[in-house]
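Just below is one structure, and these are the notes that go with it.
Protein chains in written order, with this note's numbering: chain A, 50 to 161; chain B, 535 to 650.
In C-alpha cells, the structure reads:
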C-alpha cells in the first residue's frame with residue numbers, strides 16, 4: 050500500500066529565506082507527482098506537475114524535483130514571502146494505478 | 535470553462551439522513567475522484583472513476599456510494615449519515631495520460647459537511 054510522508058509537518062521561517070519541503074513515497078514507482086497549495090478553508094491549487102518523462106519542473110520561485118529511484122520529491126521555494134504561508138501537499142500516482150495518493154502536508158508560515 | 539464544480543458548498547445533516555454531493559466537470563476528463571479531508575489531515579480517496587460506467591473504491595469507501603452515468607458528472611451519495619462523516623469533501627478530475635495513469639489533477643472548491 051502506497052503511503053506518503055511529508056517532512057517537516059510544520060515550518061516557520063523569516064521572510065526571504067530559501068526553503069525545502071520534502072515528500073517521500075513507500076512505493077518508488079511514481080508515474081506522476083503533483084504539488085499543491087492549500088490556504089485555510091480553501092480548495093487545492095496546483096503548483097507544479099512532474100510527469101512520467103520528467104525529473105523536475107519550475108514555476109517562478111518554485112522548483113520541484115522527483116528522484117524516481119528513491120521515491121522522493123522536494124519542493125524548493127526561493128526568497129520566501131508572507132504570501133507563501135499556506136499548507137503544501139504532494140500527491141503521486143503509482144505506475145499501473147489510477148489513484149493519486151496524498152501526503153498529510155507541510156504547514157508553512159513565513160514571518161514578515 | 536468552469537473547471538470542476540461542486541454543490542452544495544455547505545450542508546448540515548442530522549444523523550441518519552442521506553444526501554448527494556454533486557460534482558461536474560467541463561474539461562472532458564475521463565478520470566474523476568472524490569476525496570475527504572479531516573482537520574489537519576491530508577486527503578483520503580473515497581471513490582474514483584476512470585470513465586463513464588466504471589467506478590472503484592478508494593481508501594475509505596464505507597458509508598458512501600457513487601455513480602458515473604456521464605463523463606461530466608460524478609455524484610457522491612451519503613447513506614445514513616454519521617458524525618464520522620463530518621468532513622470537507624473534494625471532487626477532482628484529470629485527463630488520462632498516454633501509457634496510463636492520470637494527468638494533472640484539478641480540484642473543485644470543496645463541500646463542507648457537518649453531521650449532528
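No residue lacks a Cβ here, since even glycine has one placed at the ideal position from N, Cα and C.
Practice task
Step through the CB atoms of chain A and report whether any lies within less than 7 Å of the CB of residue 600 (chain B).
Solution key: no
Problem - Interface positions of the stretch 84-98 of chain A facing chain B (Cβ-Cβ less than 9 Å), listed along the chain - result: Residues 85, 87, 90, 91, 92, 93, 94, 95 and 98.
Practice task
Report all residues from its chain with a CB closer than 7 Å to the CB of residue 616 (chain B); omit the five preceding and five following residues, and keep chain order.
Solution key: 549, 597 and 649
Exercise for the section: Quick one: give me the first and last residue of the beta strand (DSSP E) that residue 63 (chain A) is part of. Expected result: 59-63
Problem - Closer than 8 Å at the beta carbon, the chain A residues around residue 643 (chain B) - result: 91 and 92
Practice task
Give a yes or no on whether the minimum CB-CB distance between residue 537 (chain B) and chain A is below 7 Å.
Solution key: no
Exercise for the section: Tell me whether residue 633 (chain B) is buried or exposed, calling it buried when 16 or more other Cβ atoms sit within 10 Å of its Cβ. Expected result: Residue confidence for residue 633 (chain B) is low, a pLDDT of 46 falling below 50, so the modelled location carries little weight and cannot support an answer.
Practice task
At 8 Å on the CB atoms, spell out the chain A contacts of residue 565 (chain B), in chain order.
Solution key: 147
Problem - Contact between the stretch 134-149 of chain A and the stretch 79-90 of chain A (3+ Cβ pairs under 8 Å) - result: yes
Practice task
State yes or no: is the C-beta of residue 571 (chain B) within less than 7 Å of the C-beta of residue 622 (chain B)?
Solution key: yes
Practice task
Please name the residue in A:107, A:108 and A:82 whose C-alpha comes closest to that of residue 99 (chain A).
Solution key: A:82
Problem - Proximal residues of chain A, C-beta to C-beta of residue 544 (chain B) below 9 Å - result: Here the premise fails: no neighbours, minimum Cβ distance about 11 Å.
Problem - residue 597 (chain B) (DSSP reduced to helix, strand or coil) - result: In this structure, residue 597 (chain B) counts as coil in the three-state DSSP scheme.
Problem - 8 Å contact criterion, which residue 581 (chain B) and residue 626 (chain B) should meet: CB distance rounded - result: Contact doesn't hold; Cβ gap of about 12 Å is too wide.
Problem - residue 585 (chain B), enclosing beta strand (DSSP E) - first and last residue - result: 577-585
Handout entry: Minimum C-alpha distance to residue 57 (chain A) - residue among A:73, A:65, A:51 and A:127
Key = Nearest of A:73, A:65, A:51 and A:127 to residue 57 (chain A), Cα basis: A:73.
Practice task
Can you tell me which of the three DSSP states residue 133 (chain A) falls into?
Solution key: helix
Handout entry: residue 73 (chain A) - DSSP class collapsed to helix/strand/coil
Key = strand
Exercise for the section: For residue 602 (chain B), count neighbouring Cβ atoms within 10 angstroms of its own Cβ and tell me buried if that reaches 16, exposed if not. Expected result: buried
Problem - Cβ-Cβ distance between residue 576 (chain B) and residue 154 (chain A) below 7 Å - result: yes
Problem - Neighbouring residues, chain A, relative to residue 577 (chain B) (Cβ below 7 Å) - result: 151
Exercise for the section: Give, in chain order, every residue of the stretch 609-628 of chain B whose Cβ lies closer than 7 Å to some Cβ of chain A. Expected result: 624
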